[in-house]
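Below: one structure, written as C-alpha cells.
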Amino acid sequence: MAEAQSGEVNAPEFGSVEEAFLVLEAPLLAYALRLLKEPAMAQDVVQEAFMRLHTEFESVRDPRRWLYRTVHNLALNQHRRDRKVVPLHPPAAEPSASDIDLTDPELLPDEQIARLENIGLVRLSLKTLDERSRELVRLKFTEGLSYKEMSEHTGLSVSNIGYLLHHALKTIEAELAKSGVIS
Numbered sequence: 003m004a005e006a007q008s009g010e011v012n013a014p015e016f017g018s019v020e021e022a023f024l025v026l027e028a029p030l031l032a033y034a035l036r037l038l039k040e041p042a043m044a045q046d047v048v049q050e051a052f053m054r055l056h057t058e059f060e061s062v063r064d065p066r067r068w069l070y071r072t073v074h075n076l077a078l079n080q081h082r083r084d085r086k087v088v089p090l091h092p093p094a095a096e097p098s099a100s101d102i103d104l105t106d107p108e109l110l111p112d113e114q115i116a117r118l119e120n121i122g123l124v125r126l127s128l129k130t131l132d133e134r135s136r137e138l139v140r141l142k143f144t145e146g147l148s149y150k151e152m153s154e155h156t157g158l159s160v161s162n163i164g165y166l167l168h169h170a171l172k173t174i175e176a177e178l179a180k181s182g183v184i185s
C-alpha cells in the first residue's frame, strides 16, 4: 500500500528528480532570473531547490509546484540577505532605504523594520511584472500621472492602460499574499 501511495504521489508528472530536472531546469532558471536579475544567483537558487527536492522527493506530491515555491522562497531569502548589504551607490531608478521616511515618532523600531521588509517584498513582487507593466505602475504611483498623461507618455490608449494596470496590481496583490504581507 505504501508503495502504491508513493508511486501515486509522483507518478502523474515525474518519476524521478532527474526527470523533473530535465523538464523544469530551464523554466525555473528563467523564473529565478526574473526574480533575482542575476544569472549566477538564479543558478544557485535553482540548484539549491533541486538539491532539496532530491532529499524530499518521496514526500512531495507535486514536484513542479514544490520547486516553483522553493525557488520563490529561496529568491526571497536571497533578496533579504542582499538588503543587509548596503551598496556604496544605490541604483538611481530605485529609492534606497534612506529615502524612506522612518522619522515618524509613532513607529517603533520593530515597526520600522517591518515596514522596510514589506517595501522590499513589494519591490520583489514588482520584479515579477513585465517591463511595460512595471513602467505603468511606476508612472501611476511614483510619478502620480493620470491615465490620460500615461497614455500620452506611452502611446497606449487610456482603456488599455487601465486594463494593464489592473492586471499588474492583481499580480502584485497575489505575490504579496503569497509572501504573507497581505491576506
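In our numbering, the protein residues as written are 3 to 185.
Virtual Cβ for every residue (Gly too), placed ideally from N, Cα, C.
This one's a predicted model, so the numbers in the text were calculated from it and none came from an experiment.
Between the Cα of Asp46 and the Cα atoms of Asn79, Glu20, Ser185, which residue gives the shortest distance? Asn79
Whole angstroms is fine: what's the gap from Gly164's alpha carbon to Arg125's? 21 angstroms
Going by beta-carbon coordinates alone, are Ala32 and Leu38 separated by less than 8 angstroms? no
Within a Cβ cutoff of 7 angstroms, which residues of the same chain sit near Arg136, ignoring the five residues on either side of it in sequence? Leu128
Classification of Glu177 by the beta-carbon crowding that lies within 10 angstroms, buried from 16 upward: buried
Relative to the alpha-carbon of Gly122, which residue among Ala42, Glu21, Gly182 has its alpha-carbon at the smallest distance? Gly182
Quick check on this structure: which residue in Gly146, Asn162, Glu145 has the alpha carbon closest to the alpha carbon of Ser153? Asn162
In three-state terms, what does DSSP make of Ile184? coil
So, are the CB atoms of Arg66 and Leu26 less than 8 angstroms apart? yes
Are the beta-carbon atoms of Glu50 and Leu76 separated by less than 8 angstroms? yes
Residue nearest to Ala34 in terms of C-alpha spacing, selected from Leu158, Asp64, Phe52, Glu21: Phe52
With a threshold of 16 other CB atoms inside 10 Å of the CB of Ile174, please say whether the residue is buried or exposed. buried
Alpha helix (DSSP H) segment containing Leu35, residue limits: 19-38
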